[in-house]
Structure formats: C-alpha cells, structure tokens
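J.:
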Amino acid sequence: MKIRSYKPLLPLFLIYALLILIAVAVPGMWQPVAFFMFYVALGQAFNIFMGLTGYVDFGYVAFLGLGAYGMAIAIKYFSSLGLISILLGILLAVVMSILLSLAVGAVALRLRGAYFAIATIGVNEGFRYLIEGVRLWGGSEGIVLSGLMRRTFGRETANLLSTFFSDILIIAIAILAAMTTIWILNRKMGYALLALREDEDAARVMGINVTKYKIMAFITSASFAGLIGAVAWTLKLTYVFPEDVFNIHYTVEAIVIVMLGGAGTLLGPVVGGLIYGVLKYYLSVVFPGIQLLILAPMLILTIIAFPEGIVGFIKKKGKKSRISYYLR
Numbered sequence: 000m001k002i003r004s005y006k007p008l009l010p011l012f013l014i015y016a017l018l019i020l021i022a023v024a025v026p027g028m029w030q031p032v033a034f035f036m037f038y039v040a041l042g043q044a045f046n047i048f049m050g051l052t053g054y055v056d057f058g059y060v061a062f063l064g065l066g067a068y069g070m071a072i073a074i075k076y077f078s079s080l081g082l083i084s085i086l087l088g089i090l091l092a093v094v095m096s097i098l099l100s101l102a103v104g105a106v107a108l109r110l111r112g113a114y115f116a117i118a119t120i121g122v123n124e125g126f127r128y129l130i131e132g133v134r135l136w137g138g139s140e141g142i143v144l145s146g147l148m149r150r151t152f153g154r155e156t157a158n159l160l161s162t163f164f165s166d167i168l169i170i171a172i173a174i175l176a177a178m179t180t181i182w183i184l185n186r187k188m189g190y191a192l193l194a195l196r197e198d199e200d201a202a203r204v205m206g207i208n209v210t211k212y213k214i215m216a217f218i219t220s221a222s223f224a225g226l227i228g229a230v231a232w233t234l235k236l237t238y239v240f241p242e243d244v245f246n247i248h249y250t251v252e253a254i255v256i257v258m259l260g261g262a263g264t265l266l267g268p269v270v271g272g273l274i275y276g277v278l279k280y281y282l283s284v285v286f287p288g289i290q291l292l293i294l295a296p297m298l299i300l301t302i303i304a305f306p307e308g309i310v311g312f313i314k315k316k317g318k319k320s321r322i323s324y325y326l327r
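Residue numbers for the sequence shown follow numbering that gives the first Met the number 0, so the first one is 0 and each next one is one higher.
1. In angstroms, rounded to a whole number, what distance separates the CA positions of A118 and A107?
2. Using only CA atoms, which one of V25, A71, L101 and I74 lies nearest to K211?
3. Considering only C-alpha positions, which residue in the set S84, G88, Y249 and M49 is nearest to A229?
4. Since P7 and I181 are thought to touch, with beta carbons under 8 Å apart, how far apart are those beta carbons, to the nearest angstrom?
5. Note down, in chain order, each residue of its chain lying with its Cβ closer than 7 Å to the Cβ of S96, except the 5 sequence neighbours on either side.
6. When DSSP labels each residue in this structure, what does I289 get in the three-state scheme?
7. Taking the straight line between their C-alpha atoms, what separation do you get for N246 and V60?
8. Specify the secondary structure class of F117 as computed by DSSP and reduced to three states.
9. Confirm, please, whether the CB-CB distance from L41 to I256 is below 8 Å.
10. In terms of residues, what are the limits of the alpha helix (DSSP H) holding T264?
11. Rounded to whole angstroms, what is the Cα-Cα separation between T301 and G53?
12. Just confirm the distance between the C-beta atoms of V39 and L273, as a whole number of angstroms; I'd bet it's less than 8 Å.
13. Roughly how many angstroms lie between the CA atoms of F305 and Y275, to the nearest whole one?
14. Please state whether the Cβ-Cβ distance between A44 and V32 is less than 8 Å.
15. Grab me the residues of L110's own chain with a C-beta within less than 6 Å of its C-beta, minus the 5 sequence neighbours each way, in chain order.
16. Using the beta-carbon count (16 or more within 10 Å), is E242 buried or exposed?
17. Would you decide whether L82 is buried or exposed? Buried here means 16 or more other CB atoms lie within 10 Å of its CB.
18. Would the beta-carbon of S165 fall within 8 Å of that of A113?
19. Is G377 near V122, with beta carbons less than 8 Å apart?
20. Indicate the three-state DSSP secondary structure (helix, strand or coil) for Y238 in the structure shown.
21. Rank A116, G206, A201 and T179 by C-alpha distance to the C-alpha of A216 and give the top, closest one.
22. Sorted by chain position, which residues of the same chain lie with C-beta nearer than 8 Å to A194's C-beta, five sequence neighbours on each side aside?
23. Taking the beta carbon of D198 as the centre, do at least 16 other beta carbons fall within 10 Å, making it buried, or is it exposed?
24. If contacts are defined as beta-carbon pairs under 8 Å, then S145 and Y238 qualify, I think. What distance do you get, rounded to the angstrom?
25. Using a Cβ-Cβ cutoff of less than 7 Å, which residues in the same chain neighbour V312 once the five nearest sequence positions on both sides are dropped?
26. Report all residues from its chain with a CB closer than 6 Å to the CB of A177; omit the five preceding and five following residues, and keep chain order.
27. Taking K235 as the reference, which of I167, L265 and T264 has the closest Cα?
This is how it looks when you write it as structure tokens:
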C-alpha cells in the first residue's frame with residue numbers, strides 16, 4: 000500500500016528524464032528545456048498552496064522576489080567566501096521567504112476568498128515600493144552582479160553558474176517540489192488540506208486545525224518560490240531589479256499553469272507548465288510581438304474544455320482503470 004501511494008511519481012520522473020534526454024541529445028534544446036522547466040517548477044511550487052487549499056495568492060511573486068534578493072545579497076556581501084556564497088544565497092533565500100510567509104500568513108490566512116487575494120496583492124506591491132522608497136538593497140537601481148561574479152569566481156566559472164548550474168538547480172527544485180507534494184498528500188496534512196479545500200467550515204467542525212495546515216502549506220510553497228527566485232533569476236540573470244522580480248505577471252502565470260494542468264494534482268503542474276512553456280516559447284519565435292494575443296485565447300479555450308484541468312479530466316475519466324494508480 001505504501002509503495003502504491005508513490006506510484007504517481009513514476010510518470011512524473013519519466014517526463015523529467017525525457018526532457019533531460021532531449022536537452023542533452025538534441026543540439027540547441029538545452030535552453031528551451033530549461034525555459035520549460037522554470038514554468039514546471041513554478042507550477043509545482045504554487046500548487047502546494049493553491050492546489051491543496053483552494054486559496055489564490057496573488058502576491059506569490061513576493062516570495063520569488065525576496066528569494067532573488069537573498070541570493071543577490073549573499074553574492075554581493077559574501078563573495079569573499081567563494082562558491083560558499085552560492086550555498087549561503089540559497090539558504091538566505093529560503094529563510095527570507097519563510098520569514099515573509101510567516102508574517103503574511105499570520106494575518107492574511109485569517110481572511111478568505113477575494114479578501115485574501117486583495118491582501119496578498121497589497122503585500123507584494125507594498126514590499127516592492129518599500130524597497131524602492133527607502134532605497135533598500137539598492138532601491139530602484141537594484142543589484143547587478145555580473146562583473147562581481149566574473150572577478151570573484153573567474154569568467155568560466157561565472158558563466159557556468161549562470162547557465163548550466165542554474166538550469167540543473169531548477170530541475171532539482173522541480174523534482175524536490177514534486178516529492179514534497181506527494182509526501183504531503185500521503186500524510187495527515189494532505190488529507191486535512193484537501194478537506195479544507197472542499198469545505199473549510201466543515202473541516203473546522205470536524206476538529207481540523209485549518210489555520211495550522213494552511214500556514215504549513217503557505218510556508219512550504221513560499222520556500223520553493225524563494226529557491227526559484229534565487230536560482231532562476233539572480234543566479235541565471237546575474238541582476239535583480241524590483242520592478243522585474245516583483246512583477247505580478249509571474250503569479251498570473253503560476254495560476255494559469257496550475258488551473259491548466261489540474262489544481263491539487265501531482266502531475267497537473269508538470270503538464271500545465273510544459274504546455275504553457277512550449278506555447279509561450281514557440282509562439283514568440285513564430286509570431287513575435289503578438290504571441291500573447293494568440294496564447295491567451297488558446298489557454299482560455301483549453302481551460303473551458305477541461306475545467307478540472309487536463310490531468311484532473313484524465314483522472315476523472317480513468318477513475319476505475321489502471322491509469323488511476325499513477326494519478327494523484
């Protein structure tokens with residue numbers, strides 16, 4: 000029974016292995032696959048909270064932004080430690096994201112529906128303008144690290160960190176997020192979260208400490224967001240500007256990915272992330288400048304056709320078949 004509960008990881012790992020094989024074996028495919036994996040990782044991280052609780056956090060990008068700043072601060076002020084500063088940046092990104100999630104969750108998670116969404120938007124925008132207004136961490140000028148990284152690590156190592164190493168870390172984050180999701184789903188926390196997603200009042204009446212589990216999911220999801228921001232933004236792009244890293248469109252993309260693939264499912268964010276990433280990448284190549292005009296209606300039609308998400312639809316149709324063993 001215990002092994003069966005982890006069977007949903009099999010198709011997910013097969014997809015990851017196939018993507019890595021394509022990236023390595025097909026010339027010119029490494030960067031596109033890394034681009035796709037960013038959206039897969041973003042969807043997996045966001046799904047831990049939105050998918051399992053039903054709460055839509057429009058301020059989710061604040062955790063990505065703070066994670067990006069965590070890595071930037073570590074490299075800028077502790078570059079004398081060499082490559083240890085990268086590990087310190089990862090740690091700082093997680094810690095800063097957790098601290099913000101605790102502060103926000105303690106207040107915002109007592110709200111519901113539109114009130115919660117509005118409150119989280121306010122946190123994101125407020126944090127951005129705080130950084131710019133008081134010139135914290137460089138203010139609107141941001142932090143530029145490209146020159147410092149070349150001087151500290153050497154040109155070859157700096158290039159390797161911002162290309163291959165950052166891409167590998169994104170894949171690792173996506174895998175870790177998936178394993179965390181299945182671990183949660185197979186524990187008491189998972190059942191509690193699914194109960195409150197279906198009916199929070201009924202879950203509370205049944206004795207479930209809904210606030211506790213919401214905060215736990217919120218912190219876990221925020222931690223992964225911080226990691227993504229640190230790796231996919233600062234380490235890869237070697238700069239941080241507040242107007243970029245706190246841009247709410249990353250939250251909107253995360254919502255679309257989770258809804259497209261299937262909220263609350265393990266495989267859903269992977270499927271949603273791949274569809275969104277592939278369409279966005281290739282439409283921008285074929286139809287530069289108007290790709291979003293084409294992408295938006297395609298996504299809307301897909302979501303209308305599959306209101307439970309693509310994986311949710313497959314899971315529902317194959318409920319009594321052998322495929323259900325691999326869907327969670």
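Don't be surprised by glycine CBs; every beta carbon is placed ideally from N, CA and C.
T.: Here's the rundown:
1. 6 Å
2. L101
3. G88
4. 6 Å
5. F62, L65, G66, A221, S222, A224 and G225
6. coil
7. 7 Å
8. Strictly speaking, residue 117 in this sequence is Ile, with Phe absent from that position. Residue state, collapsed to three classes: helix.
9. yes
10. It is not in any alpha helix (DSSP H) - T264 carries neither H nor E in the DSSP assignment.
11. 20 Å
12. 6 Å
13. 15 Å
14. no
15. A118
16. exposed
17. exposed
18. no
19. Since the first residue shown for the chain is 0 and the last is 327, residue 377 is missing from the structure and cannot be characterised.
20. strand
21. T179
22. A201, A202, M205 and I207
23. exposed
24. 7 Å
25. Checking the displayed sequence, the identity of residue 312 turns out to be Phe instead of Val. Cβ neighbours of F312 beyond the five flanking positions: F305.
26. L11 and Q43
27. I167
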